[in-house]
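Participant: Here you go, one structure.
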Amino acid sequence: MDYKQLQIDVEKHVNDYFNTHQDSRLVYHNLQHTKDVVKATHQIANHYQLSDEDFFIVSAAAWFHDTGYFEDAMHHEVKGAELANKYLEHLGVDEKIRAQISGAILSTKIPQKPANQLENILCDADLFHLGSEDFRKRGKLMHKEAELIYGKDISKNEWRIKDIQFLESQHYHTDYAKLLLDDQKQKNIDKIKNKLSAQKEQVIFDEQPTALTTPAVLVQEKKKKGKKDKDDRPDKGIETMFRITSANNQRLSDMADNKAHILITVNSIMLSLIVSLLLKTLGSHENLIIPTFILLMVSLTCVVVSILSTRPSIPSGIFTPEDMDNKKVNLLFFGNFYKMSLPSYTDGMLKVMNDKDFLYGTLITDVYSQGVVLGRKYKLIRLAYNIFMFGLIAAVLAFVVAYAAYGKL
204 MDYKQLQIDV
214 EKHVNDYFNT
224 HQDSRLVYHN
234 LQHTKDVVKA
244 THQIANHYQL
254 SDEDFFIVSA
264 AAWFHDTGYF
274 EDAMHHEVKG
284 AELANKYLEH
294 LGVDEKIRAQ
304 ISGAILSTKI
314 PQKPANQLEN
324 ILCDADLFHL
334 GSEDFRKRGK
344 LMHKEAELIY
354 GKDISKNEWR
364 IKDIQFLESQ
374 HYHTDYAKLL
384 LDDQKQKNID
394 KIKNKLSAQK
404 EQVIFDEQPT
414 ALTTPAVLVQ
424 EKKKKGKKDK
434 DDRPDKGIET
444 MFRITSANNQ
454 RLSDMADNKA
464 HILITVNSIM
474 LSLIVSLLLK
484 TLGSHENLII
494 PTFILLMVSL
504 TCVVVSILST
514 RPSIPSGIFT
524 PEDMDNKKVN
534 LLFFGNFYKM
544 SLPSYTDGML
554 KVMNDKDFLY
564 GTLITDVYSQ
574 GVVLGRKYKL
584 IRLAYNIFMF
594 GLIAAVLAFV
604 VAYAAYGKL
């Protein structure tokens, strides 16, 4: 099935659907929102390197997830799933895939209850803006749309209270979204709470005009608050950067280990077959000695290089007070402390946590060390795959030459 063409067809169909269905009340759940959700869906899906089929499922679900608003805003998930199923059936998409797309759309109903990875991805993409800097802008549009749909005014404070309740009850489902969006979402919650608090203080201020604060005090408090915000702002961003980087490194390391495991398994089977079958026949088929030897060495070399790529290297496991004083030890890696006593390790970690420069230096060292290990691992994996690919070609050619020269195998 040509999933790329199907994605193009779905995108065109949904764009045409929005252009031919107009509802002036839908200032938030419009085509732009759908495109934003599709973009977020692709971003998360690409992180998890989905298969073509799974990528099409989440992409199609993202395009159709809000099309039901034009028929029934209160039950738009159900209507959207029906519209998707009808159109995809027309395209000849398998029933199993259509069911997964419908399930993903239905899982976005609040409160979200995704049941698998694809539904997790769509649910996080649908509420991606909650953890973005555009939350305030999107929130205003949502506020206006709610007033238009329900036909009543909703005060700012009432909306802010509902926002806080919703944000605090919502949680992201994929690790990627948690690492990327949770910090900004908490900032958005704090901003709304600060506005509510400021509103309450303003009411008290209006009711008690004699309780004035001098301009000098106001300026000083504003400076302190601005300085605090400035100091706090980069920390969360830096921590998020380190978390995402470490998570990506771990994911890449797992992928490399899996590739090495595949090579070891395949070549181990080949070695077993060569030893148990081919070697026994070499006495009567001398023309196969060279091709068999080539194949044997290729498989053996691949296994050795693959094992080297995954073989761990463990340091001494001991650090000295001088290492701590010079800030040269990375206590985030077990290889540097596994032989130390708990009190010594605790003292070292407390020094790291109490020294901001030492802390960030340790994080930088840890990420760098991961990168060095990852680079060596991928270099060896690449070498092993090259040996396997070119060696296999050479072995096959050798067998062909042996057959051509001697007329039999």
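With the working numbering applied, the sequence shown covers 204 to 612. A virtual CB, placed ideally from N, CA and C, is assigned to each residue, including glycine.
(1) Exposed or buried, what is I324 when buried is set at 16 or more other beta-carbons lying within 10 Å of its beta-carbon?
(2) For F536, which residues in the same chain have their Cβ closer than 7 Å to its Cβ, ignoring the five residues on either side in sequence?
(3) Check each candidate in Q225, E292, E322, H250 and name the one with the smallest Cα separation from H268.
(4) Just to confirm my understanding: we take L351, look at its own chain, exclude 5 residues before and 5 after, and list those with CB closer than 6 Å. What are they?
(5) Give the single residue among D378, D366, Y379 whose Cα lies nearest to the Cα of D393.
(6) Quick test of your reading: L485 and I492, contact by CB under 8 Å. State the CB separation rounded to the nearest angstrom.
(7) Quick check on the DSSP output: the alpha helix (DSSP H) that includes D366 runs from which residue to which?
(8) Mapping DSSP to helix, strand and coil, what is G520?
(9) Measuring CA to CA, which of K554, T523, F496 is closest to N539?
(10) Of all the options K316, S310, A264, which has the alpha carbon lying nearest to the alpha carbon of L291?
(11) Taking all protein chains shown into account, decide if F593 is buried (16 or more other Cβ within 10 angstroms of its Cβ) or exposed.
(12) Let me know if L333 comes out buried or exposed under the rule of 16 or more other beta-carbons within 10 Å of its beta-carbon.
(13) Considering only the beta carbon of each residue, do I510 and K542 sit closer than 9 Å?
(14) Since I believe V230 is in contact with E348 (beta carbons under 8 Å), could you give me their beta-carbon distance rounded to a whole number of angstroms?
(15) What number of angstroms, rounded off, separates the C-alpha of T244 from the C-alpha of K530?
(16) Keeping to the same chain, check which residues put their C-beta closer than 6 Å to that of E274; ignore five residues upstream and five downstream.
(17) On a CA-only basis, which of N319, K312, L370, V501 is nearest R339? Give me that one, please.
(18) May I ask you to verify whether the segment 498-515 touches the segment 588-605, counting CB pairs closer than 8 Å and requiring at least 3?
(19) For T223, name the three-state secondary structure that DSSP assigns.
(20) List, from N- to C-terminal side, the alpha helix (DSSP H) runs of 4 residues or more that fit wholly inside the segment 288-345.
(21) Relative to the alpha-carbon of Q453, which residue among D329, G578, V604, H224 has its alpha-carbon at the smallest distance?
(22) Please list, in chain order, all residues of the same chain as K562 whose beta carbon is under 7 Å from its beta carbon, the five residues on each side excluded.
Facilitator: Judging by the given coordinates:
(1) Counting of Cβ neighbours within 10 angstroms places I324 among the buried residues, the total reaching 16 or more.
(2) D569, S572
(3) E322
(4) The beta carbon of L351 sits closer than 6 Å to the beta carbons of R228 from its chain, once the five residues preceding and following it are set aside; these are given in chain order.
(5) In this structure, D366 is the residue among D378, D366, Y379 with its C-alpha nearest to the C-alpha of D393.
(6) 5 Å
(7) 359-372
(8) coil
(9) T523
(10) A264
(11) exposed
(12) buried
(13) The criterion of a C-beta distance shorter than 9 Å is not satisfied by I510 and K542.
(14) Between the beta-carbon of E348 and that of V230 there is about 5 Å, and that keeps the pair under the 8 Å contact cut.
(15) If you draw a straight line from the Cα of T244 to the Cα of K530, it is about 42 Å long.
(16) K282
(17) L370
(18) Verdict: yes, contact present.
(19) helix
(20) 298-309, 320-329
(21) G578
(22) Checking the sequence, you will find Leu at residue 562 rather than Lys. Result list for L562: V555, M556, in chain order.
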